[in-house]
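Student: Got a structure for you, questions after.
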Amino acid sequence: MRMYDIIKKKRDNEELTTQEIDYFVENYTNNTIPDYQVAALFMAIFLNKMNRRETLDLTKAMINSGDSVNLSKINGKKVDKHSTGGVGDTTTLILGPMIAACNVPFVKMSGRGLGHTGGTLDKLESIKNFKVELSTEKFIKNANKINISLCSQTANITPADKKFYALRDVTATVDNLSLIASSIMSKKLAIGTDAIILDVKVGSGAFMKNIDDALKLAEEMVNIGLGYGRETIALVTNMDEPLGNAIGNALEVKEAIQTLKGHGPKDLYELCLQLGSKLLLLAGRVQSKDDALSLLRNTIRSNSAYEKLIELVKYQDGDISYIENPDLLPKANHIIKVKSEKKGYVKSLNAEEIGKAALTLGAGRITMDSVIDLSAGIVLNKKVDDKVDIGDTLAYIHSNDIDKAMDVKSDIERLYIIGDKNKETKKLIYGLITKDGIELY
Ligand code: URA
Ligand code: CA
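Here the sequence shown is numbered in my numbering, starting from 2 and rising by one per residue.
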């Protein structure tokens, strides 16, 4: 087989065979095919696309390029949630304990956040001594004991994706449906959970800026999951403005604790209920959505989800006093108020720009080795559709660097678009994608 012929075939808009896909993934991973040939192939894929069969084969080849994590020793039906990336998305820290408190194992191995979206592992590290690196044995043991385990990838998962992603990044071939879907799903499917819910974000703070594209990506990913023999569903959800109020690592841990105590932001809690009810149904824990919702609400009312977070922290060597007393979490030296100079309603609040502002404050990574300021971030006091008066506080900036804080203050003033009330109220969820197709909300 020759790489030249594979490139030519895709250039001429023909379908690649399973063997051809296996060939280039394997030989690019072990460095026998040069970057320029794979770059040419990706551009041909970008222009002529891949069909569902090719996309599934690509995903399988990427999984086979590295190790898979066998989780069959975890009792019961294990579930996982994956978000395609958003701003202020604190969901995992709330949903995980809620699901575990319903006696369904919630297990997740993740990579770290990059760019304007945050990562769960970084958030957890604002809890003193919390260990995100667990051996697979410990990961499984904890899941069997307390139904929840969250850790970083220890095994060599999809090395092909690492090389592909770096190449796509510099050759303008990132935003192709098959390449995105195979990249995300290969990393998920290499880890042996039984059921996966995908939270596909759409809007200013997401990869997908419009609903049609997000639905297509969700469909593509669900098809890959199903094709690989895993129960997979997706919700397409709003990322036009940040989720909840807090953006930043320690601030989001605090927000998760508040939510688990029943005092969280409405949108964040609602999303956890919606994702959670689908997961409980997938796991076979309940038979109806109503039963799922009442079980989930009860984990908050009874404090059992909060207790589950305490257990998680304890089992991963963290200091539980940081949960019991969130004032111990890393705190910034300066908290600066952003006040409104206008009266009206918040019309929009660009999530990506808010994410970038938090990044400027040090809440995220610009490169893989940037050091995060765990205390830095933004707390929104007004969100889209909220009424504001002149002088009302729109947001609080948490920063250890007063100059950066002042720069971000003027950004945030500019980002709050205030005017007449929006004609349509914002939506949290746009649609559900399952093996039976798309259901629009
Ligand atoms: N996230 C990924 O992991 N891969 C992509 O291609 C896009 C987003
Ligand atoms: Ca948040």
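Glycine residues also receive a C-beta, built at the ideal position from the N, C-alpha and C atoms.
1) What is the DSSP secondary structure of residue 386, reduced to helix, strand or coil?
2) Report whether the distance from the Cβ of residue 175 to the nearest heavy atom of ligand 1 is below 7 Å.
3) How many angstroms separate the CA atom of residue 441 from the CA atom of residue 281?
4) Can you tell me the Cα-Cα spacing of residue 215 and residue 62, whole angstroms?
5) Do you know how far the Cα of residue 121 is from the Cα of residue 404?
6) Assuming residue 145 is part of the alpha helix (DSSP H), what are its boundary residues?
7) Starting from the C-beta of residue 378, find all residues in its chain whose C-beta is less than 6 Å away, skip the five residues before and the five after it, and write them out in chain order.
8) Looking at the structure shown, is residue 126 part of a helix, part of a strand, or coil, going by DSSP?
9) Can you determine whether any heavy atom of ligand 1 sits closer than 7 Å to the C-beta of residue 181, and answer yes or no?
10) Looking at residue 111 and residue 135, is the spacing between their C-beta atoms short of 8 Å?
11) So, for residue 40: in the same chain, excluding its five sequence neighbours on each side, which residues have a beta-carbon less than 8 Å away from its beta-carbon?
12) Name, in chain order, the residues that DSSP records as bridge partners for residue 380.
13) What are the start and end residues of each continuous beta strand (DSSP E) run of 3 or more residues lying completely inside the segment 309-353, in chain order?
14) Residue 203 and residue 239: beta carbons closer than 8 Å?
15) With distances taken Cα to Cα, identify the nearest neighbour of residue 209 among 65, 196, 182.
16) Could you check which residue in 413, 320, 72 has the C-alpha nearest to that of residue 132?
17) Evaluate residue 3 with the Cβ neighbour count: other Cβ atoms within 10 Å of its Cβ, from every protein chain shown; 16 or more gives buried, anything less gives exposed.
18) Which same chain residues, not among the five before or five after residue 8, have their C-beta less than 8 Å away from its C-beta?
19) Taking just the CA atoms, how far does residue 100 sit from residue 292?
20) Can you check which of these residues, 153, 412, 298, 335, is closest to residue 273 by C-alpha distance?
21) Out of 95, 354, 30, 16, which one is the CA nearest neighbour of residue 243?
22) Pairing CB atoms from the segment 311-328 with CB atoms from the segment 368-378, are three or more of them under 8 Å?
23) Take the Cβ of residue 5 as the centre, count every other Cβ of all protein chains shown within 10 Å, and call the residue buried at 16 or more, exposed below.
24) Can you tell me whether residue 371 is helix, strand or coil according to DSSP?
25) Which word fits residue 372, buried or exposed, when buried means at least 16 other C-beta atoms lie within 10 angstroms of its C-beta?
26) Alpha carbon to alpha carbon, how far is residue 431 from residue 220? Give it in angstroms, no decimals.
27) Determine, using beta carbons only, whether residue 68 and residue 156 come nearer to each other than 8 Å.
28) In angstroms with no decimal places, state the Cα-to-Cα distance between residue 52 and residue 34.
29) Residue 223 and residue 75 - do their beta-carbons sit closer together than 8 Å?
30) Classify residue 368 as buried or exposed, calling it buried when 16 or more other Cβ atoms lie within 10 Å of its own Cβ.
31) Checking 8 Å against the spacing of the C-beta atoms, do residue 80 and residue 296 come in under that value?
32) Count the other C-beta atoms from every protein chain shown that fall within 10 angstroms of the C-beta of residue 370, then say buried if there are 16 or more, exposed otherwise.
33) With residue 202 as the anchor, note down where its beta strand (DSSP E) starts and where it stops.
34) Comparing alpha-carbon positions, which option in 387, 213, 146, 91 lies nearest residue 255?
35) If you compare alpha carbons, which of 331, 277, 104 is closest to residue 125?
36) Rounded C-beta distance between residue 413 and residue 395? I'm assuming under 8 Å.
Tutor: Looking at the atomic coordinates:
1) As a working mapping, residue 386 is identified with position 385 in the sequence shown. Correct three-state label for residue 386: coil.
2) As a working mapping, residue 175 is identified with position 174 in the sequence shown. Flag set: Cβ of residue 175 near ligand 1.
3) The residue you call residue 441 lines up with position 440 of the sequence shown. The residue you call residue 281 lines up with position 280 of the sequence shown. Cα to Cα, residue 441 sits roughly 21 Å from residue 281.
4) If you number the sequence shown from 1, residue 215 lands on position 214. If you number the sequence shown from 1, residue 62 lands on position 61. Approximately 24 Å, taken between the alpha carbons.
5) As a position in the sequence shown, residue 404 is number 403, starting the count at 1. As a position in the sequence shown, residue 121 is number 120, starting the count at 1. Near 28 Å, if we compare the C-alpha coordinates of residue 121 and residue 404.
6) Here residue 145 is taken as the residue at index 144 of the sequence shown, counted from 1. In the DSSP annotation of this structure, the continuous segment of the alpha helix (DSSP H) that includes residue 145 starts and ends at 137-147.
7) On the sequence shown, position 377 is the one that residue 378 refers to. So the qualifying residues of the chain are 248, 249, 252, 359, 364, 399.
8) If you number the sequence shown from 1, residue 126 lands on position 125. When secondary structure is reduced to three states using DSSP, residue 126 falls in the coil class, being assigned neither helix nor strand.
9) In the sequence shown, counting from the first residue as 1, residue 181 sits at position 180. Checking every heavy atom of ligand 1 against the Cβ of residue 181, one is found closer than 7 Å.
10) Stepping through the sequence shown from its first residue, residue 135 is reached at position 134. Stepping through the sequence shown from its first residue, residue 111 is reached at position 110. In this structure, residue 135 keeps its C-beta atom at 8 Å or more from the C-beta atom of residue 111.
11) Taking the first residue of the sequence shown as position 1, residue 40 is located at position 39. Non-local beta-carbon contacts of residue 40 in its own chain, meaning distances under 8 Å to residues more than five positions away in sequence, involve 168, 172, 174 in chain order.
12) For this step, residue 380 is matched to residue 379 along the sequence shown. Looking at the DSSP assignment, residue 380 forms a beta bridge with 247, 397.
13) Runs found: 335-340, 345-350.
14) Here residue 203 refers to the residue found at position 202 of the sequence shown. Here residue 239 refers to the residue found at position 238 of the sequence shown. Pairing residue 203 with residue 239 gives a Cβ-Cβ distance under 8 Å.
15) To locate residue 209, count along the sequence shown from 1; it is residue 208. Check the Cα spacing between residue 209 and each of 65, 196, 182: the tightest is with 182.
16) As a first step, residue 132 is located in the sequence shown; it is residue number 131 there, counting from the start. Answer by Cα proximity: 320.
17) Counting from 1 along the sequence shown, the entry for residue 3 is found at position 2. Under this definition residue 3 is an exposed residue.
18) Against the sequence shown, residue 8 aligns to sequence position 7. Within the same chain, Cβ atoms closer than 8 Å to the Cβ of residue 8 are found at 38, 41, 42, 45, the five residues on either side in sequence being excluded.
19) By one-based count along the sequence shown, residue 292 stands at place 291. By one-based count along the sequence shown, residue 100 stands at place 99. About 13 Å.
20) The count along the sequence shown starts at 1 and reaches residue 273 at position 272. For residue 273, the nearest C-alpha among the options comes from 298.
21) One-based indexing of the sequence shown puts residue 243 at position 242. If we check each option's Cα against that of residue 243, 354 comes out closest.
22) When C-beta atoms of the segment 311-328 are compared with those of the segment 368-378, fewer than three pairs fall below 8 Å, so the two segments do not count as touching.
23) Along the sequence shown, one-based indexing puts residue 5 at 4. It counts as exposed.
24) Here the question's residue 371 lines up with position 370 in the sequence shown. The answer is coil: DSSP assigns residue 371 none of H, G, I, E or B.
25) Reading the sequence shown from its first residue, position 371 is the one you call residue 372. It counts as exposed.
26) The residue labelled residue 220 in the question sits at position 219 within the sequence shown. The residue labelled residue 431 in the question sits at position 430 within the sequence shown. Their Cα atoms are separated by approximately 13 Å.
27) In the sequence shown, counting from the first residue as 1, residue 68 sits at position 67. In the sequence shown, counting from the first residue as 1, residue 156 sits at position 155. When the beta-carbon positions are compared, residue 68 and residue 156 come within less than 8 Å of each other.
28) Start at 1 with the first residue of the sequence shown, and residue 52 comes out as number 51. Start at 1 with the first residue of the sequence shown, and residue 34 comes out as number 33. Rounded to whole angstroms, residue 52 to residue 34 spans 24 Å at the Cα level.
29) Along the sequence shown, one-based indexing puts residue 75 at 74. Along the sequence shown, one-based indexing puts residue 223 at 222. In this structure, residue 223 does not lie closer than 8 Å to residue 75 by Cβ.
30) Along the sequence shown, one-based indexing puts residue 368 at 367. When all chains shown are included, residue 368 counts as exposed.
31) Residue mapping note: residue 80 aligns to position 79 of the sequence shown, counting from 1. Residue mapping note: residue 296 aligns to position 295 of the sequence shown, counting from 1. For the 8 Å CB-CB criterion, residue 80 and residue 296 do not form a contact.
32) In the sequence shown, the residue the question calls residue 370 occupies position 369. Counting C-beta atoms within 10 angstroms of its own C-beta, residue 370 has fewer than 16 neighbours from the protein chains shown and is therefore classed as exposed.
33) If you number the sequence shown from 1, residue 202 lands on position 201. Taken as a continuous stretch (DSSP letters only), the beta strand (DSSP E) holding residue 202 covers 196-203.
34) One-based indexing of the sequence shown puts residue 255 at position 254. The closest CA to that of residue 255, considering only 387, 213, 146, 91, is found on 91.
35) Your numbering for residue 125 matches position 124 in the sequence shown. Nearest C-alpha to residue 125: 331.
36) Your numbering for residue 413 matches position 412 in the sequence shown. Your numbering for residue 395 matches position 394 in the sequence shown. Between the beta-carbon of residue 413 and that of residue 395 there is about 7 Å, and that keeps the pair under the 8 Å contact cut.
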